[in-house]
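S.K.: Heads up: the sequence shown begins at 1 in the numbering used here, then just goes up one per residue. Shown below is the structure under consideration.
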Amino acid sequence: MHERNLSAGRRGRAIGRLGLAVLAWAALAAVGALAPAPAEAQGLWEYSLGFSFQRSNYSDESFAWVRRWGTSLGYQFSNHSAIEVSYQDVYQKTYLHEQQDTRLYDRILSANWVLNITPRDALIRPYFKVGGGHLWRDTSSKYASGDEVVGTYDSLSAIIGLGVKWYVAGQVAVRAEAGSYLEGANIATWEDNVSINLGFSVYF
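Below is the structure:
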């Protein structure tokens with residue numbers, strides 16, 4: 001029962017975070033369509049870096065937290081489209097007092113297609129992202145009985161996301177992105193790995 005409640009809680013938080021991200025994305029897409037940028041970017045490379053940290057408390061002594069960072073290198077080959085190679089590094093700890101201590105360490109390498117909604121000369125650029133790659137996972141679980149289970153797992157992974165970039169200088173933009181990586185490229189796993197990352201992009 002306790003595990004079902006935790007799963008339902010995670011599902012509700014994932015849907016809530018994604019819903020807020022979609023609303024913010026839609027509002028910024030409307031604004032970005034009207035706002036001109038100071039300079040147009042043609043055929044640029046883009047380096048990006050992002051980070052997020054999320055913590056949930058189930059009780060005074062039970063909790064879960066996730067730390068994520070990611071980086072990517074992309075090339076904008078048309079007015080609205082880009083391709084990128086990205087790497088994500090995710091560490092997750094779930095601690096249930098006097099019951100279980102579980103840790104997951106995921107690394108995801110992927111190639112993605114990015115569709116920008118507004119053109120290159122827009123100050124605000126909302127975008128969609130889809131891609132595919134590979135997931136490597138290390139797991140360890142310790143139980144109140146004293147048992148410990150350690151494992152490794154690797155599989156295909158799919159990437160989905162949406163975000164927005166806001167140019168703050170000629171070649172620099174701040175960015176926010178909501179997304180998920182799908183274990184085994186299975187859409188049913190999207191809510192397990194939802195995150196909202198904040199970061200920046202540099203163009204050259």
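Idealized CB from N, CA, C, for every residue including glycine. For clarity, every value in this text was computed on a predicted model and none was experimentally measured.
So, for S141: in the same chain, excluding its five sequence neighbours on each side, which residues have a beta-carbon less than 6 Å away from its beta-carbon?
M.R.: Around S141: T102, V149.
S.K.: Would you mind working out which of H80, I124, G163, S59 sits nearest G43, comparing C-alpha positions?
M.R.: Residue H80 is the option with its Cα nearest to G43.
S.K.: Spatial neighbours of G184 within its chain, please: CB distance less than 7 Å, with the 5 preceding and 5 following residues excluded, ordered by chain position.
M.R.: Once the five neighbours on either side are set aside, the close Cβ partners of G184 are S155, L156.
S.K.: Just mark A26 as buried or exposed, buried being the case when its beta carbon has 16 or more other beta carbons within 10 Å.
M.R.: The predicted position of A26 is uncertain, since its pLDDT is 49 and thus under 50; a value taken from the coordinates is nonetheless stated next. The residue in question, A26, is exposed, as its Cβ has fewer than 16 Cβ neighbours within 10 Å.
S.K.: If I follow the unbroken beta strand (DSSP E) through D147, where does it start and stop?
M.R.: Here D147 belongs to no beta strand (DSSP E), and DSSP marks it neither H nor E.
S.K.: Would you mind stating whether G199 and G74 have Cβ atoms separated by less than 8 Å?
M.R.: Contact flag unset, no.
S.K.: What's the call for E177, buried or exposed, on a 16-neighbour Cβ count within 10 Å?
M.R.: It is buried - the Cβ of E177 has at least 16 other Cβ atoms within 10 Å.
S.K.: Which value, in whole angstroms, describes the spacing of the CA atoms of A21 and V164?
M.R.: Residue confidence for A21 is low, a pLDDT of 46 falling below 50, so the modelled location carries little weight and cannot support an answer.
S.K.: Relative to the C-alpha of T118, which residue among V168, G146, S78, S72 is closest?
M.R.: Ranking the options by Cα distance to T118, first place goes to S78.
S.K.: What are the partner residues of R120, as DSSP defines its beta bridges?
M.R.: Beta-bridge pairing links R120 to no other residue.
S.K.: From this set, Q100, V66, R68, S59, which residue's C-alpha is nearest G146's C-alpha?
M.R.: The candidate whose alpha carbon is nearest that of G146 is Q100.
S.K.: Between the Cα of L162 and those of S195, V202, A188, W69, spot the shortest distance and give me the residue it belongs to.
M.R.: Out of S195, V202, A188, W69, S195 has the C-alpha closest to the C-alpha of L162.
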